[in-house]
Amino acid sequence: DTGVSQDPRHKITKRGQNVTFRCDPISEHNRLYWYRQTLGQGPEFLTYFQNEAQLEKSRLLSDRFSAERPKGSFSTLEIQRTEQGDSAMYLCASSLAREQETQYFGPGTRLLVL
Amino acid sequence: DAKTTQPPSMDCAEGRAANLPCNHSTISGNEYVYWYRQIHSQGPQYIIHGLKNNETNEMASLIITEDRKSSTLILPHATLRDTAVYYCIVNSFGNQFYFGTGTSLTVIP
Chain A
1 DTGVSQDPRH
11 KITKRGQNVT
21 FRCDPISEHN
31 RLYWYRQTLG
41 QGPEFLTYFQ
51 NEAQLEKSRL
61 LSDRFSAERP
71 KGSFSTLEIQ
81 RTEQGDSAMY
91 LCASSLAREQ
101 ETQYFGPGTR
111 LLVL
Chain B
1001 DAKTTQPPSM
1011 DCAEGRAANL
1021 PCNHSTISGN
1031 EYVYWYRQIH
1041 SQGPQYIIHG
1051 LKNNETNEMA
1061 SLIITEDRKS
1071 STLILPHATL
1081 RDTAVYYCIV
1091 NSFGNQFYFG
1101 TGTSLTVIP
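Which chain is which? The protein sequence lines are A and B, in order. Heads up, the first sequence is in the numbering used here, so the first residue is 1 and it goes up one at a time. Heads up, the second sequence is in the numbering used here, so the first residue is 1001 and it goes up one at a time.
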């Protein structure tokens, strides 16, 4: 399978714990995006990388959220001190940076904070 | 924020064409129209995109009006597996995808 993969697919945690999600993009894609999706809503953009550079992070929901892409390949999204309101689907997408930029999405990580 | 308007829901009989409309009256000259769909609990799936010409691929056809203020996604022979939420997005290079709430399409047997 050469698509975008995410791990884990499901995560249950207790309020106050830290969680980290991983995304592996399509191998030749230089852009990587993180989105959050809550029930009944469309995906909401959080941040993105071009290679290892994080080009937009102003839409990360709070300073408890951070993302890295250290070698320009896989990326991690960390949520510190989780809250019940963080319960959502976290989606990753990758693309090639070009005019007709098509993003390809992974299956998502579903987070439940108890 | 989302620059498109879509009906919240639509039904279509199995085997018939599903025509999903999208209004994007403020679209800029360099913005493309993209369509994605999301089947329950899965990641969004790319369907098709276009700038100003009509486009067709193995999944669907995209019809964009001459003034580019609206478009229609056509699934020529809808099947039960096409039941999903369909998102219409306008975007230009270097900007972010904004998803609205999409159209929930139900294909009825």
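Glycine is no exception: its CB is placed at the ideal position from the N, C-alpha and C atoms.
In angstroms with no decimal places, state the Cα-to-Cα distance between residue i and residue j.
{"i": "residue 69 of chain A", "j": "residue 95 of chain A", "result": "15 Å"}
{"i": "residue 1061 of chain B", "j": "residue 37 of chain A", "result": "27 Å"}
{"i": "residue 1043 of chain B", "j": "residue 106 of chain A", "result": "6 Å"}
{"i": "residue 87 of chain A", "j": "residue 53 of chain A", "result": "27 Å"}
{"i": "residue 1059 of chain B", "j": "residue 1074 of chain B", "result": "9 Å"}
{"i": "residue 1039 of chain B", "j": "residue 1103 of chain B", "result": "12 Å"}
{"i": "residue 1095 of chain B", "j": "residue 1076 of chain B", "result": "31 Å"}
{"i": "residue 102 of chain A", "j": "residue 1108 of chain B", "result": "30 Å"}
{"i": "residue 1098 of chain B", "j": "residue 1005 of chain B", "result": "12 Å"}
{"i": "residue 51 of chain A", "j": "residue 1072 of chain B", "result": "35 Å"}
Looking at the structure shown, is residue i part of a helix, part of a strand, or coil, going by DSSP?
{"i": "residue 31 of chain A", "result": "strand"}
{"i": "residue 1080 of chain B", "result": "helix"}
{"i": "residue 42 of chain A", "result": "coil"}
{"i": "residue 85 of chain A", "result": "helix"}
{"i": "residue 24 of chain A", "result": "strand"}
{"i": "residue 1048 of chain B", "result": "strand"}
{"i": "residue 65 of chain A", "result": "strand"}
{"i": "residue 1060 of chain B", "result": "coil"}
{"i": "residue 11 of chain A", "result": "strand"}
{"i": "residue 1097 of chain B", "result": "coil"}
{"i": "residue 114 of chain A", "result": "coil"}
{"i": "residue 97 of chain A", "result": "coil"}
{"i": "residue 58 of chain A", "result": "coil"}
Is residue i near residue j, with beta carbons less than 8 Å apart?
{"i": "residue 34 of chain A", "j": "residue 104 of chain A", "result": "no"}
{"i": "residue 1080 of chain B", "j": "residue 1020 of chain B", "result": "no"}
{"i": "residue 1048 of chain B", "j": "residue 1057 of chain B", "result": "yes"}
{"i": "residue 111 of chain A", "j": "residue 14 of chain A", "result": "no"}
{"i": "residue 949 of chain B", "j": "residue 42 of chain A", "result": "It is not possible to answer for residue 949 of chain B, since the shown part of chain B is limited to 1001 through 1109."}
In its own chain, which residues sit with a C-beta less than 7 Å from the C-beta of residue i, not counting the 5 before and 5 after it?
{"i": "residue 8 of chain A", "result": "109"}
{"i": "residue 1083 of chain B", "result": "1105, 1106 and 1107"}
{"i": "residue 1034 of chain B", "result": "1049, 1089 and 1091"}
In chain order, what residues of the same chain have a beta carbon less than 8 Å from the beta carbon of residue i, not counting five sequence neighbours either side?
{"i": "residue 75 of chain A", "result": "22, 23, 25, 32, 34, 49, 67, 68, 69 and 92"}
{"i": "residue 55 of chain A", "result": "48 and 49"}
Looking only at its chain, what residues have a beta carbon closer than 6 Å to the beta carbon of residue i, apart from the 5 residues adjacent to it on each side?
{"i": "residue 59 of chain A", "result": "45 and 46"}
{"i": "residue 1092 of chain B", "result": "1030 and 1031"}
{"i": "residue 1012 of chain B", "result": "1018, 1078 and 1107"}
{"i": "residue 1086 of chain B", "result": "1020, 1037, 1102, 1103 and 1105"}
{"i": "residue 1051 of chain B", "result": "1032"}
{"i": "residue 29 of chain A", "result": "94, 95 and 96"}
Compute the minimum distance between the beta carbon of residue i and the heavy atoms of the ligand ADP, and state whether it is under 7 Å.
{"i": "residue 83 of chain A", "result": "Because no ligand of any kind appears in the structure shown, any question about the ligand ADP cannot be addressed here."}
task: Would you check if the stretch 17-33 of chain A and the stretch 77-91 of chain A touch, i.e. whether three or more CB-CB distances between them fall below 8 Å?
output: These segments touch.
task: Count the CB pairs spanning the stretch 1052-1069 of chain B and the stretch 1026-1039 of chain B that are closer than 8 Å, and state whether there are at least three.
output: Result yes; three or more Cβ-Cβ pairs closer than 8 Å.
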